[in-house]
Amino acid sequence: MGTYLFGNTGELLDPQFDALSSLLDAGTFARVEQLGIADGWRCLEVGGGGGSVANWLADVVAPSGHVTVTDIDVTRLEERDNVTVLEHDVVSNILPGNAFDLVHARLVLFHLPARDAVLRKLRDALRPGGWLVLDEFDCLPLEVLKTGDPDDAKLIMRVKNALLTLLEQAGAELAWGARIEKALLDTGLHDVSGSREVQEWEGGSPGCRLLATSARQVRAKLPLSDDEFDRYLELMASPDTVVSSYAMCSAQGRR
Ligand SMILES: C[S@@+](CC[C@H](N)C(=O)[O-])C[C@H]1O[C@@H](n2cnc3c(N)ncnc32)[C@H](O)[C@@H]1O
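Just so you know, we're using my numbering here: the sequence shown kicks off at 41 and counts up by one.
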């Protein structure tokens with residue numbers, strides 16, 4: 041199986057991409073800067089979503105560099121002078137070989153049952169010496185650290201478990217983030233390194249906004265009453281709630 045769980049969720053894509061950008065862009069940008077990205081680099085951003093990473097890359101590699109940004113849904117992506125937007129399924133469509141100085145994908149392979157084959161495809165899209173960078177979640181560490189009421193903690197865990205079950209049924213690998221460094225090594229990349237961070241997410245923070253938006257995107261499939269669902273959204277917005285985050289995992293390696 042494998043049908044992207046959050047596809048076709050219309051207006052809820054905007055809060056999802058906003059939350060992802062607020063939560064993850066600073067870390068992604070810092071990692072890519074450390075690689076020495078500069079004017080002239082040719083970049084591929086896979087599953088670019090709302091476009092925040094592609095737009096940043098385009099600024100950094102201008103004026104002579106170029107960014108190709110792909111997605112199965114390109115409605116939020118903008119063409120610019122040095123940005124090509126491609127409606128493209130990274131599982132079934134081809135990519136040019138030996139073409140890019142940097143290939144980056146964030147929270148895309150997590151969803152794809154064919155992730156290991158896709159990884160080899162991304163490796164082959166790199167020019168020799170080019171960098172592959174992945175940012176992914178390991179969803180298992182999410183736990184409740186603080187709520188006003190034990191029933192609220194139970195509700196948060198019920199929603200977590202229901203959401204993770206749906207993700208897994210749609211083909212996601214829930215702890216994929218924990219495996220990415222090894223996956224890059226197994227694909228034959230060199231100079232592989234990685235990092236993993238678990239934060240505390242307070243209600244109202246980008247992390248809790250992401251959890252709330254994810255639940256809204258799959259609302260019809262969650263086994264919750266309307267009152268329980270409304271309470272969950274309140275908890276995700278309340279500063280009295282604190283959860284330990286999904287582990288945010290990154291890894292990089294060069295061809
Ligand atoms: C969780 S979002 C992450 C978006 C963006 N990378 C970010 O981190 O802000 C996953 C993205 O992958 C895209 N996607 C899902 N399956 C895909 C596929 N087979 N090929 C390309 N993109 C895909 C989705 O449309 C969505 O934009």
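Even for Gly, the Cβ is constructed at its ideal location relative to N, Cα and C.
Please report the distance separating the alpha-carbon of residue i from that of residue j.
i	j	result
valine 148	aspartate 266	30 angstroms
aspartate 192	serine 285	17 angstroms
asparagine 48	aspartate 54	12 angstroms
leucine 250	glutamine 292	25 angstroms
leucine 45	valine 114	16 angstroms
arginine 116	glycine 89	7 angstroms
asparagine 95	proline 190	43 angstroms
methionine 276	glutamine 239	15 angstroms
leucine 159	valine 131	10 angstroms
arginine 256	leucine 52	8 angstroms
leucine 206	alanine 139	36 angstroms
threonine 296	arginine 219	No statement about residue 296 is possible, as the shown extent of the chain runs from 41 to 295 and does not include it.
leucine 60	glycine 105	25 angstroms
glycine 170	isoleucine 77	11 angstroms
alanine 102	arginine 120	11 angstroms
Are the beta-carbon atoms of residue i and residue j separated by less than 8 angstroms?
i	j	result
valine 283	leucine 182	yes
serine 290	glycine 228	no
aspartate 226	arginine 294	no
aspartate 65	valine 86	no
valine 123	valine 100	no
alanine 252	leucine 273	yes
valine 173	arginine 71	yes
alanine 157	proline 136	no
In terms of alpha-carbon separation, which member of the options lies closest to residue i?
i	options	result
isoleucine 134	Thr115, Leu162, Arg155, Asn122	Leu162
cysteine 248	Asp189, Lys194, Asp280, Ala210	Asp280
valine 184	Gly243, Glu208, Ala202	Gly243
glycine 80	Thr110, Leu142, Gly50, Ala154	Leu142
arginine 167	His128, Ile112, Leu84	Leu84
methionine 197	Ile220, Val173, Arg120, Pro263	Pro263
leucine 224	Ala102, His144, Arg120	His144
Using DSSP with H/G/I as helix, E/B as strand and the rest coil, what is residue i?
i	result
leucine 166	strand
aspartate 69	In the sequence under discussion, the amino acid at residue 69 is phenylalanine, which differs from the aspartate named in the question. It is helical.
alanine 202	helix
cysteine 179	coil
glutamate 119	coil
glutamate 213	coil
glycine 50	helix
aspartate 113	coil
Would you check if the segment 205-216 and the segment 173-180 touch, i.e. whether three or more CB-CB distances between them fall below 8 angstroms? yes
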